[in-house]
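Numbering (our numbering), first residue to last: 363 to 967.
Even for Gly, the Cβ is constructed at its ideal location relative to N, Cα and C.
Remarks on the structure that follows.
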Amino acid sequence: MNDEKKIILFGAGEFGRKALEYFGEDKVAFYADNNEELTGTVINGKKVISFTELLERYQEYQIVIAVDVRKTAAIAGQLEQHGIREFTSYMELVNHYKKPNADSGNIDWISRVKLAGKWIEDNSVQGGGIINNTDVRQSYPEVTGYFIPTLLQWGFREKALDYAKWLCSIQKEDGAWYDTYDQHPYVFDTAQILKGLIAVRKILPQVDGHIRRGCDWIISQMDAQGRLPKPEYADWGPEGICSELIHMYCISPIMEAGNIFCNEAYKTAAKEISQYYIANYKEQILDFGFLSHFYAYVMEALVDIGESALAQEAMDKMAKVQREDGRIPAYKNVNWVCSTGMFQLAVVWYKLGDLVHGDKALYYAVKLQNESGGWYGSYPVSDAPKATDYREWPDYFPNSEISWAVKYFLDAVYYKCRAEFEEQAETFMDEIAKEDGRYRFILQEIKDTRPQTVCDIGCGKGRYLKNLIKDTEGIQFSAVDISERVMESVPENVEKKAGTLTNIPYENESFDMVYVVEALEHSILAENAVRELLRVLRKNGEAVIIDKPETAIGMLEIDEWEQWFSDGFFEKMAEENGCTLTTIHNIPYENYADGLFNGWVLKKL
């Protein structure tokens, strides 16, 4: 496009609004619209001109058609009929924009997440855990522990189980876990391992004894005030790098274990630890006074133990430290960044519902990803930092890829997705016509196979379930969605559980049928998602998937997290997982049959 000319957006509706946001207000001169009632009005701060006026002035501007794909062809024909042949469409531009090349400033999120997954595979120790860093390629018990919930969340189930089994095998008799070099016990490290074992206990119930022993050991280290000691041998560096406040990150697993095992001693200990640090260190909690990585531990700990108001107060101050480009200095008086600290702070903002600051931090940090899929601990900001200038020269693992950065990157992406779905809850549709081809396809599969248990995964507000309950009998329905808020509209007689396509909160072989409508496209790691669908499916059960095929690319705007599928993708998944595949092309929807939806049915043998 010609950057010297301003733009006329042909279409003053919803796509016109999106196009205005895409180009920016300064770049757009007017809207044009065929609706004469809009002529002369101002929409989104831009005057709407008639088609007649566009014909008089079009040579001074660039024309961009800003309507949905079904109307684009008609408007293109209208322009060509009047001799205008130089124009483009918002849909063409935005779909190209969502597929950036490696040199662009944009982010291919699916590739980034897959690359991080490969880094985990490449840097896991056979029969052990995740490495400490690329210069110390030994298993790191602490990080291996808190990596487990992340692995489960993203569908790396077997890897999570392997990590958990290894951690159980190295626990000491007194209940403690030691450092990478197996030299000293650490309260902090032990608590992070407990997080992993608690996350996996429903799959691996034998971890319960290890959880209890770990909690008992931590509590035995606590003094009468509730303080958890910093060992004399702890290598936390000089004052101002770390702080014993990070022990607040130990509270949530003790609290959770207390609830799981109905253990009042654990609950009391968690409360006393929390009260001690908040009462004695509130000023430090509210002041970004040490490395962002460690400070973020404290912030996330506050949210996880129900002290969100205090976390919000501190993060409001952190927002003032954040630069316009999204970066947050590793310390408040330096000009370099800590990669994992950026991801961790993004997680905290997302947990607090702050997408603006979370996005800024995440988008900055993800672009630092190395070709390996990992991140160094820190990066310079200036082009030529001097090693003699501590304010410019990064000194937190500047040449080593650290395992915990990958963990917190994946956490940040997950919590971003969850926060976005929570924010958009009101916009989701809560009804679907019984004549809609997508609903009829699901209903017919149920009638043909007569399942007794069915789960809608990625259910949204349950619009399919509402009809199915009326149109079927004797079926136990369940529902899964990333957003509990969205599921508030799901009928009460349906069992609801928060989860994702890559982490379905049900045991193996729980259902006779699962169905997924327009949700697999948002799963990011789609192969892991399909494996998870098949895991919860009983033998001879069906996984019914309705989504958009690659052949329809260009018909709608593709979100930055979204992917559409080829038949070959499902053929590969069927072959790898011992399933038969039935493919149905061009499922009708909303009175259209234009190839936007296909159906794929995987039968588990």
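Select from the options the residue whose C-alpha is nearest the C-alpha of residue i.
{"i": "P911", "options": "L882, V852 and A841", "result": "L882"}
{"i": "G739", "options": "I764, C530 and E399", "result": "I764"}
{"i": "A663", "options": "T702, R689, L707 and L653", "result": "L707"}
{"i": "L308", "options": "A781, V775, V743 and P756", "result": "Coverage of the chain is limited to positions 363 through 967, which leaves residue 308 absent and any answer about it impossible."}
{"i": "R379", "options": "I405, E937, N397 and K367", "result": "I405"}
{"i": "A891", "options": "Y954, G820, E952 and P950", "result": "G820"}
{"i": "N902", "options": "E889, T811 and D470", "result": "T811"}
{"i": "Y525", "options": "L559, H546 and Q637", "result": "L559"}
{"i": "V710", "options": "G668, Q533 and D792", "result": "G668"}
{"i": "L523", "options": "E418, I946, I581 and G489", "result": "G489"}
{"i": "L863", "options": "D365, Y801 and C779", "result": "C779"}
{"i": "I446", "options": "S885, N468, Y420 and T506", "result": "Y420"}
{"i": "L958", "options": "L382, H947 and R847", "result": "H947"}
{"i": "L964", "options": "I949, M935 and N953", "result": "M935"}
{"i": "I510", "options": "N829, L648, G836 and Q554", "result": "Q554"}
{"i": "D956", "options": "F931, M917 and I844", "result": "M917"}
{"i": "A586", "options": "Y954, G517, Q637 and L417", "result": "Q637"}
{"i": "V358", "options": "N494, Y693, G402 and D687", "result": "In the structure as shown, the chain starts at 363 and stops at 967, and residue 358 therefore has no counterpart that could be examined."}
{"i": "S605", "options": "N939, Y741, Q646 and R847", "result": "Q646"}
{"i": "L455", "options": "Y752, I920 and R499", "result": "I920"}
{"i": "H884", "options": "A631, K389, G822 and R753", "result": "G822"}
{"i": "G514", "options": "E922, Y752, E938 and G479", "result": "One detail in the question is off: residue 514 reads as Leu in this sequence, not Gly. The residue with the shortest Cα to Cα distance from L514 is G479."}
{"i": "E415", "options": "E797, A381, F372 and K433", "result": "F372"}
{"i": "S531", "options": "V569, G799 and G940", "result": "V569"}
{"i": "Q583", "options": "A658, I635, F623 and L730", "result": "I635"}
Once DSSP output is grouped into helix, strand and coil, what is the label at residue i?
{"i": "E904", "result": "strand"}
{"i": "L724", "result": "helix"}
{"i": "P503", "result": "helix"}
{"i": "V569", "result": "helix"}
{"i": "Q533", "result": "coil"}
{"i": "W962", "result": "strand"}
{"i": "Y657", "result": "helix"}
{"i": "D465", "result": "At D465, the pLDDT of 41 sits below 50, so the modelled position is not reliable; the number obtained from the coordinates is stated separately. Three-state DSSP puts D465 in coil, outside helix and strand."}
{"i": "S486", "result": "strand"}
{"i": "V856", "result": "coil"}
{"i": "I808", "result": "helix"}
{"i": "C604", "result": "strand"}
{"i": "D470", "result": "coil"}
{"i": "N642", "result": "helix"}
{"i": "L559", "result": "helix"}
{"i": "N396", "result": "coil"}
So, residue i versus residue j, is the Cβ gap smaller than 9 angstroms?
{"i": "D818", "j": "A795", "result": "no"}
{"i": "V429", "j": "F377", "result": "yes"}
{"i": "A438", "j": "F449", "result": "yes"}
{"i": "F451", "j": "V410", "result": "Sequence inspection shows Ser at residue 451; the Phe mentioned does not correspond to that position. Contact: no."}
{"i": "Y877", "j": "Y826", "result": "yes"}
{"i": "A619", "j": "R589", "result": "no"}
{"i": "E504", "j": "D551", "result": "yes"}
{"i": "S744", "j": "N695", "result": "no"}
{"i": "V775", "j": "W471", "result": "yes"}
{"i": "T945", "j": "W962", "result": "yes"}
{"i": "W539", "j": "G576", "result": "yes"}
{"i": "Y758", "j": "C700", "result": "yes"}
{"i": "D985", "j": "E904", "result": "A question about residue 985 goes unanswered here, because the residues of the chain that appear run from 363 up to 967."}
{"i": "L557", "j": "G491", "result": "A small correction: the amino acid at residue 557 is Lys; Leu does not occupy that position in the sequence shown. No, the Cβ-Cβ distance between K557 and G491 is not below 9 angstroms."}
{"i": "F652", "j": "G720", "result": "no"}
{"i": "E383", "j": "G407", "result": "no"}
{"i": "W528", "j": "S501", "result": "yes"}
{"i": "I831", "j": "Q814", "result": "no"}
{"i": "I581", "j": "I616", "result": "yes"}
{"i": "F650", "j": "V683", "result": "yes"}
{"i": "I949", "j": "F932", "result": "no"}
{"i": "R689", "j": "Y726", "result": "yes"}
Please confirm whether any heavy atom of the ligand HEM lies closer than 8 angstroms to the CB of residue i.
{"i": "A428", "result": "Looking at this structure, you won't find the ligand HEM or any other ligand, since it has none at all."}
(request) Would you check if the region 702 to 717 and the region 769 to 776 touch, i.e. whether three or more CB-CB distances between them fall below 8 angstroms? (result) The answer is yes - the region 702 to 717 touches the region 769 to 776, with three or more Cβ pairs under 8 angstroms.
(request) Decide if the region 868 to 875 is in contact with the region 896 to 903; the criterion is three or more beta carbon pairs, one per stretch, under 8 angstroms apart. (result) Here the region 868 to 875 lies against the region 896 to 903, with 3 or more beta-carbon pairs under 8 angstroms apart.
(request) Answer yes if the region 600 to 611 comes into contact with the region 659 to 677, meaning at least three C-beta pairs across the two stretches below 8 angstroms, and no otherwise. (result) By the C-beta criterion, the region 659 to 677 is judged to be in contact with the region 600 to 611, since at least 3 inter-stretch pairs fall below 8 angstroms.
(message) List, from N- to C-terminal side, the beta strand (DSSP E) runs of 3 residues or more that fit wholly inside the region 867 to 926.
(response) Runs found: 873 to 879 and 899 to 909.
(request) Inspect the CB distances between the region 909 to 927 and the region 854 to 861 and report whether three or more fall short of 8 angstroms. (result) Taking 8 angstroms as the limit for Cβ pairs, the verdict is that the region 854 to 861 does not touch the region 909 to 927.
(message) Three or more C-beta pairs under 8 angstroms: does that hold for the region 668 to 680 against the region 724 to 740?
(response) Touching, no, given that fewer than three Cβ pairs across the two stretches are closer than 8 angstroms.
(request) Note down, one range per segment and in chain order, each alpha helix (DSSP H) of at least 4 residues found wholly within the region 410 to 459. (result) With a minimum length of 4 residues, the continuous alpha helix (DSSP H) runs that stay inside the region 410 to 459 are 413 to 419, 431 to 443 and 452 to 459.
(request) Jot down the residue ranges of each uninterrupted alpha helix (DSSP H) in the region 671 to 725, minimum 4 residues, whole runs only, in chain order. (result) Runs of the alpha helix (DSSP H) inside the region 671 to 725: 701 to 713.
(message) As an exercise, report each continuous alpha helix (DSSP H) stretch of at least 4 residues that is fully enclosed by the region 743 to 808, in chain order.
(response) Runs found: 765 to 785.
(request) Counting only runs of 3+ residues fully inside the region 363 to 393, write out the beta strand (DSSP E) ranges in chain order. (result) Counting whole runs of 3 or more residues, the region 363 to 393 contains the beta strand (DSSP E) stretches 369 to 372.
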